[in-house]
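Peer 1:
There are 2 protein chains.
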Amino acid sequence: MQLRSEATRQKILSSASRLFSLNGYDGTGVAEICEAAEVSKGAFYHHFPSKQDVFLNILNDWLDQLSSQMQKARLATPNVPEGLIAMSALTDQVFQMSKNHYSLFFEFWIQAMRHPEIWQTAIAPYHRFQTWLEAILQSGIDEGSLDPSISPDVTSRILIAMVLGQLLQAFFDPIGAAWGEVTKSGIKTMVNGFSKKPI
Amino acid sequence: MQLRSEATRQKILSSASRLFSLNGYDGTGVAEICEAAEVSKGAFYHHFPSKQDVFLNILNDWLDQLSSQMQKARLATPNVPEGLIAMSALTDQVFQMSKNHYSLFFEFWIQAMRHPEIWQTAIAPYHRFQTWLEAILQSGIDEGSLDPSISPDVTSRILIAMVLGQLLQAFFDPIGAAWGEVTKSGIKTMVNGFSKKPI
């Protein structure tokens, strides 16, 4: 029963995700999500109080998945600079995961801007991720592999910017460059810029 | 007469820009733009064949203004690495210019994705800007100030990514950091990473 319930939740999330990408957040109703997921409205509201909650769950699941993969990549390397390079290799995967959800990505930003309650809930996972990356950079300073004069806070935001900015360009100009490679190269240049020795 | 015509054009552009930011591209009609700009429909269509054309003109004017300021910053410095740093100081201005138009920025991406004809026209200024930056990086290699092993193409996209990614974060979390400063710091780390000597 528990398993079936989780399967229903996943069906709702993946149908909603596809519909949001296709028709936008405002252009998608709960009725359509239920139809596409082949679930009753009762089942829908058993899992999610609102369409907005579905939207935030899609975002959260995606960020959780990404963080845990990055954590694994970090733990498989002997120091922070090498960990950051290994994590940057995951950007190919971020690009793959985002490829069919670009629209959702932008919808998310638009909705966050228009609806303060979405913004307040959505900013929490962003802050969690940024704080997590900041702690990794601090541990690099502590272990002596990163330049102690860098600010872990500022540097974490710079690394996030690099990936977000490549996503924006990749969406806009998909055939213009091998975006996964460009991102890895950018992260590597950055990491070399603040590591104690070149890697 | 010529001056008055240009004033009308500017009034239409600034009213449209404000309305697009407020109500979205799809939520704004030509009639409302005319009303806000206090011009007749005849005057509107004298200047612009369509609402879409207004949208693309706003984007083009913004990018032209930015490029010419960057060009000036570049010419006022003795070499490419210092030119890039001077150009990065302009990001504060980009942030100021974008602050009231974040929504427009995201609308633009959404519209480009949904309407191939907007995309085809909008990608031209992006390519122009990227090619311009790529040429600057090549001239840095030629003058001997930049590491000859870097790819000017890849590096131009990395620098653009940095600024775009900071814009995204600044929109999402305006009080989270001094975004202009974070961007300058990011560009400086990058430029140090591929300059022949630290600056």
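Each protein sequence line maps, in turn, to chains V and Z. When the letters of the first sequence are read in order and numbered with this note's numbering, they come out as residues 309 to 507. When the letters of the second sequence are read in order and numbered with this note's numbering, they come out as residues 309 to 507. Yeah, the Cβ is synthetic: ideal placement off N, Cα and C, and Gly gets one too.
#1: Does the pairing of the region 465-476 of chain V with the region 491-501 of chain V give three or more beta-carbon distances under 8 angstroms?
#2: Could you spell out the range, first to last residue, of the alpha helix (DSSP H) harbouring residue 356(V)?
#3: From the DSSP output, read off the bridge partner residues of residue 454(V).
#4: First and last residue of the alpha helix (DSSP H) that includes residue 389(V)?
#5: For residue 469(Z), which residues in chain V fall below 7 angstroms Cβ to Cβ?
#6: By the 7 angstroms beta-carbon criterion, what residues does the region 345-374 of chain V contribute toward chain Z?
#7: In the structure shown, what three-state DSSP assignment does residue 399(Z) receive?
#8: So with CB distances below 8 angstroms, who are the chain Z contacts of residue 501(V)?
#9: Could you list the residues in the region 415-434 of chain V with a C-beta less than 9 angstroms from some C-beta on chain A, going in chain order?
#10: Considering Cα atoms alone, identify which of 318(V), 438(V), 505(V) and 358(V) is closest to residue 375(V).
#11: I'd like to know if residue 337(Z) contacts chain V, where contact means its C-beta is closer than 9 angstroms to some C-beta of that chain.
#12: Mapping DSSP to helix, strand and coil, what is residue 435(Z)?
#13: Which bits of chain Z does residue 465(V) rub up against, with CB to CB less than 7 angstroms?
#14: Roughly how many whole angstroms lie between the Cα atoms of residue 379(Z) and residue 441(Z)?
#15: Give the DSSP-derived three-state secondary structure of residue 459(V) in the structure shown.
#16: Could you compute how far the alpha carbon of residue 443(Z) sits from the alpha carbon of residue 387(Z)?
#17: Using the C-alpha atoms, what's the distance from residue 391(Z) back to residue 384(Z)?
#18: With a CB to CB cut of under 8 angstroms and the five nearest residues on each side skipped, what residues in its chain are close to residue 289(Z)?
Peer 2: Inspection of the coordinates gives the following:
#1: yes
#2: Where residue 356(V) is concerned, there is no enclosing alpha helix (DSSP H), given that its DSSP letter is neither H nor E.
#3: 503(V)
#4: 388-396
#5: 470, 473, 474, 477 and 494
#6: Listed by position along the chain: nothing, the set is empty.
#7: helix
#8: 497, 498, 500 and 501
#9: Structure shown: chain A not included; protein chains present are V and Z.
#10: 438(V)
#11: no
#12: Of the three classes helix, strand and coil, the one that applies to residue 435(Z) here is helix, per DSSP.
#13: 477, 485 and 490
#14: Using only the alpha carbons, I get a separation of about 10 angstroms.
#15: coil
#16: 13 angstroms
#17: 8 angstroms
#18: No answer is possible for residue 289(Z): it lies beyond the span of chain Z, which begins at 309 and ends at 507.
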